[in-house]
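Structure record follows, encoded as structure tokens.
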Amino acid sequence: MPYQFTVSPDFSPDHLSGWYIFNTWLQKQLGEAVHLEMYDCFQTQKAVIESNGIDLIYANPFDAAMLVRKKGFRPLARPVGVSDEAIIAVNAESLIYDVADLSSGIKIAVTDDPDIRLMGMIMLEAGDLNLNNTIIISCDAYILVAKQLLKGNADVGVFLAEAYDGLSNIVKSKLRVIVRSEISVIHHGLMIGPKLAHRKMDILELLVGMKNNDKGQDVLKSLGFRAWDKVEDEEMEFMIDLMDALSV
Amino acid sequence: MRDFKPEDVIGDYKEALLALYGGLSRLVLYTDIEIPYPDGKLIVSTTDKNGIITHVNKAFVEMSGYTEDELIGSPHSILRHPDMPSVAFKDLWDTVNKGEYWQGIVKNLRKDGGYYWVKATVIPNIRNNEVVSYTSVRRKPSRTKVEDAKRLYATLK
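Chains as they are written, first to last, in our numbering: chain A, 423 to 670; chain B, 79 to 235.
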């Protein structure tokens with residue numbers, strides 16, 4: 423029975439093939455069978471985690487607390503220089519220039535990406551906005567959030583900054599950023615579950631060493647990463663504490 | 079903790095002698111200059127169980143006006159503004175000491191005598207079922223909440 427690997431469903435579509443390349447590389451290096459299963463929504467993935475069906479995960483920070491505290495996962499590594507930041511954007515022709523200009527009843531286009539949704543709502547909170555006095559338009563992808571703004575269906579959109587920056591210049595020219603988060607300590611990371619824990623040091627060594635050889639660098643490039651950095655247990659605990667503080 | 083020095087303060091100031099936790103007192107100089115909380119940023123710090131700062135992020139340094147070296151090792155009350163009623167901080171400590179989180183609107187004092195409002199959340203950091211430290215995360219408050227807090231705190235002084 424192969425070990426089960428999954429990736430947070432908010433992965434960039436540009437890097438879908440990169441995760442399969444990474445998994446092939448990992449199996450070869452590790453000498454273990456690892457099956458990569460990509461889920462298209464957080465709820466489905468969460469149900470599999472709950473039933474102990476995952477051994478390795480590139481996890482959204484929002485899920486880190488559950489993985490560590492309920493499922494016995496431990497952190498392995500994070501991509502160097504990559505953190506999760508959120509953007510609040512409006513249609514370029516909108517009269518909204520500040521969160522304080524917004525009022526209750528507005529329509530907010532968001533994806534189900536949980537940490538970005540949380541960060542977005544925190545930024546909107548400065549305008550006395552919350553889930554009880556706004557209308558949420560759920561979208562399957564960030565390009566659809568942009569579309570809701572362009573069509574005038576939504577007043578504001580919440581984006582993963584990386585996804586917003588990756589929109590085409592034509593789309594971006596029709597949108598305007600009103601807030602960009604600068605949090606820098608919230609990030610995705612690879613985490614390892616109890617069944618695979620005995621290979622933790624081997625996997626960590628492989629990950630950290632990827633940047634030192636041509637093949638490893640090619641795999642990193644396919645993921646859009648420069649290198650992996652080790653994440654200490656306490657560093658992960660700190661991020662979980664931070665997410666806890668933001669969630670209340 | 080050092081008293082304020084007039085040369086650090088920008089603008090016309092008033093004086094106040096603060097009675098702090100643990101029998102400490104501090105002379106502070108404060109002005110009417112508000113520094114708006116920057117959009118999109120979080121101020122993060124960690125203290126030990128006695129409220130001594132052990133970690134600060136860049137936004138904390140920028141907004142407080144102190145250097146990181148001045149903040150690490152100081153009590154978190156280095157930010158205490160004379161307009162904040164002591165009962166608010168008693169409530170904070172009573173709450174987190176029970177292992178629960180505390181949330182409130184707080185007026186913080188900068189090194190230059192100016193001030194900034196935050197929405198603060200303080201959570202106990204629990205390791206092996208024991209509280210080992212506290213993390214405080216501050217974010218931008220709405221003006222409505224700030225005005226509510228101003229009215230409330232004026233009645234509690």
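By construction, the Cβ of each residue, glycine as well, lies at the ideal position given by its N, Cα and C atoms.
{"Query": "I want to verify the contact list: residues of chain B whose CB lies under 7 Å from the CB of I544/A, in sequence order.", "Result": "R217"}
{"Query": "Helix, strand or coil for N135/B per DSSP?", "Result": "coil"}
{"Query": "Look up I558/A in the DSSP assignment and give the residues it is bridged to.", "Result": "I530/A"}
{"Query": "Can you check DSSP and say which residues form a bridge with A198/B?", "Result": "G182/B, R216/B"}
{"Query": "Run down chain A in chain order and give the residues with a C-beta less than 7 Å from the C-beta of I201/B.", "Result": "D663, D666, A667"}
{"Query": "For A576/A, which three-state DSSP category applies?", "Result": "coil"}
{"Query": "Does the region 627-639 of chain A come within contact of the region 541-558 of chain A, defined as at least 3 CB pairs closer than 8 Å?", "Result": "no"}
{"Query": "Inspect the beta-carbon positions of V532/A and A568/A and report whether they are closer than 8 Å.", "Result": "no"}
{"Query": "Determine, using beta-carbon pairs with one atom in the region 569-584 of chain A and one in the region 554-561 of chain A, whether at least three such pairs fall under 8 Å.", "Result": "yes"}
{"Query": "Would you call M141/B buried or exposed, if buried means 16 or more other Cβ atoms sit within 10 Å of its Cβ?", "Result": "buried"}
{"Query": "Tell me, to the nearest whole angstrom, how far the beta carbon of L664/A is from that of V215/B; I am working on the premise that it is less than 8 Å.", "Result": "6 Å"}
{"Query": "Contact criterion: CB-CB distance below 8 Å. Does K173/B meet it with respect to chain A?", "Result": "Reading the sequence as shown, one finds Thr at residue 173/B and not Lys. Judged by the 8 Å Cβ criterion, T173/B is not in contact with chain A."}
{"Query": "Of all the options N554/A, P501/A, T428/A, K450/A, which has the alpha carbon lying nearest to the alpha carbon of K393/A?", "Result": "Because chain A spans 423 through 670 in this model, residue 393/A falls outside it and cannot be assessed."}
{"Query": "The alpha helix (DSSP H) with F444/A in it runs from where to where?", "Result": "438-452"}
{"Query": "What span of residues does the beta strand (DSSP E) with I509/A cover, start to end?", "Result": "508-513"}
{"Query": "Going straight from the alpha carbon of M680/A to that of D477/A, what length do you get?", "Result": "Any question about residue 680/A goes unanswered here, given that chain A covers just 423 to 670."}
{"Query": "Could you give the distance in angstroms between the alpha-carbon of L517/A and the alpha-carbon of L458/A?", "Result": "46 Å"}
{"Query": "Quick one: does K119/B have its CB under 8 Å from some CB of chain A?", "Result": "yes"}
{"Query": "Where are the alpha helix (DSSP H) runs, 4 residues long or more, that stay fully inside the region 89-176 of chain B, in chain order?", "Result": "136-142, 146-149, 164-175"}
{"Query": "What would DSSP say about I614/A, mapped onto helix, strand or coil?", "Result": "strand"}
{"Query": "Along chain A, which residues have their Cβ under 8 Å away from the Cβ of V139/B?", "Result": "By Cβ distance, chain A contributes nothing, its closest Cβ being about 13 Å from V139/B, past 8 Å."}
{"Query": "Just the C-alpha distance for H609/A and T222/B, rounded to the nearest angstrom, thanks.", "Result": "32 Å"}
{"Query": "Pick helix, strand or coil for D226/B, following the three-state DSSP scheme.", "Result": "helix"}
{"Query": "Please confirm whether D523/A has its beta-carbon closer than 8 Å to some beta-carbon of chain B.", "Result": "no"}
{"Query": "Count the other C-beta atoms from every protein chain shown that fall within 10 angstroms of the C-beta of R80/B, then say buried if there are 16 or more, exposed otherwise.", "Result": "exposed"}
{"Query": "Just mark T38/B as buried or exposed, buried being the case when its beta carbon has 16 or more other beta carbons within 10 Å.", "Result": "Nothing can be reported for residue 38/B: it is not among the residues displayed for chain B, which extend from 79 to 235."}
{"Query": "Do you know offhand how far D636/A's Cα is from V174/B's?", "Result": "51 Å"}
{"Query": "Using the rule of at least 16 other Cβ atoms within 10 Å of the residue's Cβ for burial, across every protein chain shown, is K197/B buried or exposed?", "Result": "buried"}
{"Query": "Run through DSSP, which three-state label would Y425/A get?", "Result": "strand"}
{"Query": "Looking at the unbroken alpha helix (DSSP H) that takes in L657/A, where does it start and where does it end?", "Result": "Looking at the sequence shown, residue 657/A is not Leu but Glu. 655-669 is the span of the alpha helix (DSSP H), which, as asked, contains E657/A."}
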